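*Asks:* I'd like to ask some things about the structure below.
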Amino acid sequence: MPHAARTAVYTGSFDPITLGHLDVIGRAARIFDVLIVGVGINPDKQPMFSLEERVGLVQASVAPLANVRVELFSGLSVAFVKAQGAHVLLRGVRSLTDIEAEFTMTLANRKLDASVETVFLMADAQYSHISSSLLKQITPLADDEALLKFVPEPVVKALRSKLA
Numbered sequence: 014m015p016h017a018a019r020t021a022v023y024t025g026s027f028d029p030i031t032l033g034h035l036d037v038i039g040r041a042a043r044i045f046d047v048l049i050v051g052v053g054i055n056p057d058k059q060p061m062f063s064l065e066e067r068v069g070l071v072q073a074s075v076a077p078l079a080n081v082r083v084e085l086f087s088g089l090s091v092a093f094v095k096a097q098g099a100h101v102l103l104r105g106v107r108s109l110t111d112i113e114a115e116f117t118m119t120l121a122n123r124k125l126d127a128s129v130e131t132v133f134l135m136a137d138a139q140y141s142h143i144s145s146s147l148l149k150q151i152t153p154l155a156d157d158e159a160l161l162k163f164v165p166e167p168v169v170k171a172l173r174s175k176l177a
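What the sequence shown shows, in the numbering used here, is residues 14 to 177, in sequence order.
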C-alpha cells in the first residue's frame, strides 16, 4: 500500500478545537500512519479566534500525538488533501444534521477530485452536543473545571481572554 493511502487529512475551522474534535483526531491517529489537521477558513462563519490562534490551539492540543501535524490552509479541502500527498479526507460527524451537510459536501468533493476518498468518524456521544455557539454561551458562566468537560486545557485560557 503506498504511503499516501495511510495518510489522512482532517480539515475544519476548529474555532476553537473541542473535545469532540480531539476524540476524532485521537481515534484517527490510531487508524492512519499520519494525520494532518488542516485549519482553514469557513466563509460562512465569523471566527472567534484568528487563523494563527486556532493553529496554535490545535497544535497545543494535539502535541502528545506523535503522528499528527497541524497545517494552515485556504481554499478547497480536496485541493489541500492532494497538496499533502494524501488521498483520504477525514470528516467528523456529530448528528444527523451534520451527516446531511457532509453528504452534500462529499458528493461535491467527489466531482472536484474523484481520487480523494472521504472517511467519516462519529464523535463519541458524550461530545456530540459541543459547538462553538454553546461554548460562547457557557464560557462566561462556567468555571474552568466545567469548561474542561468541553474543550482541551489550552483552549480554556484562550476562551476566557476572548469572552471575558
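Built from N, CA and C at the ideal position, the CB exists for glycine as well.
Bear in mind the structure is a predicted one, so any value in this text is a computation, not a measurement.
1. If you run the structure through DSSP and keep just helix, strand and coil, what is Phe93?
2. Could you check what DSSP says for Gly51 in three-state terms: helix, strand or coil?
3. Considering only DSSP beta bridges, list what Met135 is partnered with.
4. What would DSSP say about Ala21, mapped onto helix, strand or coil?
5. DSSP beta-bridge partners for Leu85?
6. Do the stretch 70-80 and the stretch 131-138 touch if we need at least three Cβ pairs shorter than 8 Å?
7. Expressed to the nearest angstrom, what Euclidean distance is found between the alpha-carbon atoms of Ile44 and His34?
8. Report yes or no: do the stretch 91-109 and the stretch 136-143 share at least 3 C-beta pairs separated by less than 8 Å?
9. Val126 to Val91, Cα distance in whole Å?
10. With distances taken from CA atoms, which of Asp46, Tyr23, Val101 is nearest Val37?
*Replies:* Looking at the coordinates:
1. helix
2. strand
3. Val106
4. strand
5. Val52
6. no
7. 15 Å
8. yes
9. Before going on, a small fix: residue 126 reads as Asp here, not Val. Distance between the alpha carbons of Asp126 and Val91 is about 7 Å.
10. Tyr23
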